[in-house]
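Structure, as structure tokens:
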DNA sequence: TAAGACCCTGATAACGTTAACAGGCGGCTT
DNA sequence: AAGCCGCCTGTTAACGTTATCAGGGTCTTA
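Chains as they are written, first to last, in the working numbering: chain A, 68 to 421; chain B, 68 to 421.
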């Protein structure tokens, strides 16, 4: 009855061709601006295409052309400024070259990582930028994809592969400098909040912390090291957050001899720690000094403003994109590149009273 | 010479078929677990497939099947917790139904919005969830896509279309309640920070503010309304940030009669305002009370903890996904649905001293 | 013994696009 | 006059997959 609705078949090149009185190939030429087409024909085709509301089929196109002008970006988490800035940097470069960016989120789960890799690979993205936490499963699958000839760039990932480029910030050095900064202010009991054993990045910062202590002849006190550990390969813990900082700091404050300074694994953790310190009625930096990491926008608006370590995030995205373009651009195998960027200590009032 | 590298042709069903001594169709049946296949054959095929490291071609598959099991999510911005939670909610539901989510970011630019819509539509996603700020260009293009039969769900978008479902939070009411809360505390001079004319969401919150003032017989003082205005259709301003809150509050503090309370358009803006208030040596909430919006994780860790309005973000994502599944699931036209979710005032110490 | 149901496999023809080739026309050069 | 080049268009055959139909075998049931 009301079943008037014949199934709306999408418009194809052939439909346009028929209506414009040309061959499909001519329509293709018009739409892709390739090869010669008489001006008059061109206009007629365009008119028909617009009238029919034509939308090209990227699947068929990609299948035939063996490329999709598409790049996949896999993020572990979307909520943090790092991810956003990274994506921005990537897009900035890719746009210039006509690539579209598809982002997949894995929520810091190795299984979801695989799913994202697979989905993007299946849909034949021309390249893959991966900025999730490393895991055995993930690394293996990535190696497979690299083996299949898919260009892969790793960002801040604790995994090296001979066929994939790598961009990262020097988290080790950053952690070292943050800690050294506290030492230079005279601190001798320096805590660390946010230790995780599964996160490459957090681990590096922690190692920088350890090395700085060692280099300056300070003892490592295990009780001063707290934070969300644990997490299996299957289910990794999320990005270190305010609550981890808050709980971690509370734990440190309970100690007989509490630290006079704390290095938090990232700014959110630091903010949580600040909150706990205030709750205890202590002053920053007089009673306890604190350093964060990442220099998120928020960091300069806490009270007191947060001393932190800035990493060139957008730049990492740009470079990742460039590494990728290098690979998509050539049929020859491309030699592997690796770039480790410097971090920069930003001193604010959470360590040095104004 | 060293030109040994014959181009690595990707493995296809036909390759597997040849090596396993069956027809491609049989391989397809094995890999998709559809139809009958003898157990022995199945195992042989699977063995060969694994040995050759087969990866199916989603383009060809999608082309033939006329669906990709893929959904596109367009976000204006990736950095804020709203986007993250929304995406989480969407994924939560889509995963259950075997859909993959591809996210595109438009950086709050109408032009990029179009690019994202087009890219996703071209790649034949089975549906589209759009959570960017509304714009003339964007709305028109969306209408086009809806017309072509692509399922579209709008989230928190100030645009209605008869063919697209809508999910949103009741920002008007939220703004109203936030303001009413301040009024009930006795405030008579209430400022608003973060006014924008291009953002539907911000505008609604603002309207709620205005209405609450009016309903309680308070005058609207234009000098108390500040924040990042401007932005054309082409280039919209970004998410309201700490700096807008900071600058806005500074402006308010300069007034002869400064407000005793402030409603900030979102939590980040509120945090910036808090920072400015402290800089001026004033106390919160004694000198100036402040309400934010969104209840980001940070909000409970500022000092003082922030009174704010919580919106059920993940829930919006879930519902959006469900609306979409309703459409992808049926060939018949589906009646439009719209769901406006309640917001909830969360009172903390930035308005009421402990 | 026929009919039917179930199991297993293969051939064929699309899905919508474009690379590659082919051909025709007109004008310019030698 | 022959040859060539630039312009314009069309035909054909893929790209890799799966829906559909078709066929053959075995087993059960009436």
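Idealized CB from N, CA, C, for every residue including glycine.
- If you look at residue 137 of chain A, you'll find it in the beta strand (DSSP E) that goes 137-142.
- Against chain B, a Cβ distance below 9 Å from residue 172 of chain A picks out 151, 154, 155, 158, 168 and 170.
- For residue 328 of chain A, no alpha helix (DSSP H) encloses it; the enclosing beta strand (DSSP E) starts and ends at 328-331.
- Taking the beta carbon of residue 108 of chain B as reference, no residue of chain A falls within 8 Å; the closest one sits roughly 24 Å away.
- The three-state reading of DSSP puts residue 366 of chain B in helix, counting H, G and I together.
- Among the residues of chain B, those whose CB is under 9 Å from the CB of residue 211 of chain A are 120 and 122, following chain order.
- For residue 308 of chain B, the chain A residues whose Cβ falls inside 9 Å of its Cβ are 364, in order along the chain.
- Residue 370 of chain A reaches chain B at 341, 342, 345, 346, 369 and 370, counting residues in chain order whose Cβ is nearer than 9 Å.
- Separation of the CB atoms of residue 335 of chain B and residue 312 of chain B is rounded to 7 Å, and the pair is thereby assigned contact status at 8 Å.
- The CB of residue 338 of chain B comes closer than 9 Å to the CB of 365, 368 and 369 in chain A, given here in chain order.
- Listed in chain order, the alpha helix (DSSP H) runs fully inside the stretch 154-222 of chain A are 177-189 and 203-214, counting runs of at least 4 residues.
- Within the same chain, Cβ atoms closer than 6 Å to the Cβ of residue 87 of chain B are found at 111, 112 and 115, the five residues on either side in sequence being excluded.
- Partner residues in the beta bridge of residue 235 of chain A, as assigned by DSSP, are A/407.
- Rounded to the nearest whole angstrom, the CA to CA distance from residue 402 of chain B to residue 394 of chain B is 9 Å.
- Separation of residue 417 of chain A and residue 350 of chain B (C-alpha to C-alpha, rounded to the nearest whole angstrom) is 20 Å.
- Between the alpha carbons of residue 161 of chain A and residue 193 of chain A lies a gap of roughly 12 Å.
- Taking residue 243 of chain B as reference, the option from B/101, B/352 and B/358 with the minimal CA-CA separation is B/358.
- Within 8 Å of the CB of residue 130 of chain A, the CB atoms of chain B belong to 124, 126, 127 and 130, in sequence order along the chain.
- Three or more pairs of CB atoms, one per stretch, sit closer than 8 Å, so the stretch 379-391 of chain B contacts the stretch 153-169 of chain B.
- Against chain A, the CB of residue 76 of chain B has no partner CB under 7 Å away; the residue lies outside that interface.
- Short of 6 Å from the beta carbon of residue 256 of chain A, and not among the five residues preceding or following it, lie these beta carbons of its own chain, in chain order: 326 and 327.
- At least one CB atom of chain A sits nearer than 7 Å to the CB of residue 148 of chain B.
- At a beta-carbon threshold of 8 Å, the residues of chain B lying near residue 215 of chain A are 75, 77, 120 and 122, ordered along the chain.
- With a minimum length of 3 residues, the unbroken runs of beta strand (DSSP E) contained wholly in the stretch 349-397 of chain B fall at 356-358 and 375-377.
- Using a Cβ-Cβ cut-off of 7 Å, residue 357 of chain B does not count as an interface residue toward chain A, since no Cβ of chain A sits closer than that to its own.
- Annotation for residue 245 of chain B: 330, 358 and 376 place their beta carbon closer than 6 Å to its own, counting only its chain and skipping 5 residues before and after.
- With 16 or more other Cβ atoms inside 10 Å of its own Cβ, residue 191 of chain A counts as buried.
- Residue pairing for residue 258 of chain A: DSSP places it in a beta bridge opposite A/329.
- Under the Cβ criterion of 7 Å, residue 190 of chain B is counted among the residues facing chain A.
- Here DSSP, grouped into helix, strand and coil, assigns residue 292 of chain B to strand.
- For residue 177 of chain B, no CB of chain A lies under 7 Å from its own CB, so it is not counted at the interface with that chain.
- Across the structure, residue 378 of chain A and residue 361 of chain A are spaced so that their CA atoms are roughly 6 Å apart.
- A straight line joining the alpha-carbon of residue 106 of chain A with that of residue 176 of chain B spans about 33 Å.
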